[in-house]
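Going left to right, the sequence shown walks through residues 1 to 274 as this note's numbering numbers them. For glycine and all other residues, C-beta sits at the position ideal for the given N, C-alpha and C. Given the structure is predicted, the values throughout are model-derived calculations rather than measurements.
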Amino acid sequence: MPVEYEIRPASRTRLNLAELWTYRELLYFFIWRDIKIKYKQTVLGALWAVLQPFLLMLVFTVFFSRALGLSDASLPYPVFVYSGLMLWNIFSTGVANAGNSMVANANIIKKIYFPRILIPVSSVLASLVDFMMTFLLFVGILIYYKVEIHWLNLAIGLPLSVLITLLATLGLGSLLSALNVKYRDFRYIIPFFLQVLFFVSPVIYPLNRLPWNWLNQLMQCNPLYGAIAIFRSAFDGSTPDAGICLISVTGALLLFITGLLYFRKTENYFADLS
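Have a look at this one:
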C-alpha cells in the first residue's frame, strides 16, 4: 500500500517562526530574486537606492528647512532628514512590496507548497540591502557636516532602531499581503496609506514643532517615532525618552504578532483566492 504524505501550513494560532530557519535557503533565493527584479533593465541599477533618498533630502532641504525654522536645530537639516528617510525607506518599501507580494506571486503559490510567509518576509528583508547602501552615503554626509558621532548611542541605537522598524514592517506587510489577496482594494489603499503616514512620522520635521500637544502625543504611538529618535540620538547626543522607546517597541511587537497571526489564519485559502 503506497504511503501518503500530507503537507499543510503551520498552525493558525502559532507564529511558527522556525519555518524561516528551516527554509532559509529558499528565503535567501526569494530575497535575491526580489533585489534582481527591482533593478532589472535600469541603467543605474542599485544606485537608485541611494539616489532616491538623496534627491528627496535635497528637495526637503531647499523647500522646508527655512520654512520649518530649524536653523537652531541640534543637527544640520540634511542630516536630520536623511537619517529619517533611511528608516522610512525600510518601512515604506517593505510594506509596499510585501503588501502586493502574495498577488504578484500567485502562480508560484498555486503550483507548489512552501511556507507562504517566506514571500512577504523576503520582500521586507530585501529593503535592508537598500538601507545598507544608503548608510554608506550617510557616512559621507556626516563627514561633510562634521557631525560628532556618539559611539555608544550608535552601537545601541542602530540595531535597535532597525529592529523596531523591521518588526513593524514585517507585521504590517504580512497583514496587508493577506488582506490584499481577498480584498484587491488594498492595492490602492496601500500607497495612499504610506503617503499619509510619511507626513505623520518625524521624518522631515521634529514633532515638538507641532502646535498641538495632543497631536504630538498621539503621533508618538507610531513605532517609527521612537525608532527614528533612537537612531538620531547617535548624532545629536540626545537621550531618547524611555517611555517613547517602550511605546515603539511595544507597538512594533504588537504589529508583528497581529500581522503574522492574521497571515497564518488566512494562508490556507491563498491558493484559491489568488
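> Do you know how far the Cα of Gly237 is from the Cα of Ile257?
Replying inline: 32 angstroms
>> Can you find the residues in the same chain that come closer than 7 angstroms, C-beta to C-beta, to Ser123, ignoring five residues on each side of it along the sequence?
In response: Asp34, Gly94, Asn97, Ala98, Ser101, Gly173
> Does the region 121 to 135 come close enough to the region 20 to 40 to have 3 or more Cβ pairs within less than 8 angstroms?
Replying inline: yes
>> Could you check whether Val81 and Phe60 sit closer than 8 angstroms to each other, using their CB atoms as the reference points?
In response: yes
> Is it buried or exposed for Lys265, if we count other Cβ within 10 angstroms and need 16 for buried?
Replying inline: exposed
> Which residues mark the beginning and the end of the alpha helix (DSSP H) in which Arg184 is found?
Replying inline: Per DSSP, Arg184 belongs to no alpha helix (DSSP H) and is neither H nor E.
> Are the beta-carbon atoms of Ile247 and Cys221 separated by less than 8 angstroms?
Replying inline: yes
> Could you give the uninterrupted runs of the alpha helix (DSSP H) lying entirely in the region 54 to 121, keeping only those of 4 residues or more?
Replying inline: 77 to 104, 106 to 111
> How big is the Cα-Cα spacing for Leu136 and Val162?
Replying inline: 16 angstroms
> Between the C-alpha atoms of Asn16 and Leu167, what's the straight-line distance to the nearest angstrom?
Replying inline: 15 angstroms
>> With three or more C-beta pairs closer than 8 angstroms as the rule, is the region 110 to 119 touching the region 133 to 148?
In response: no
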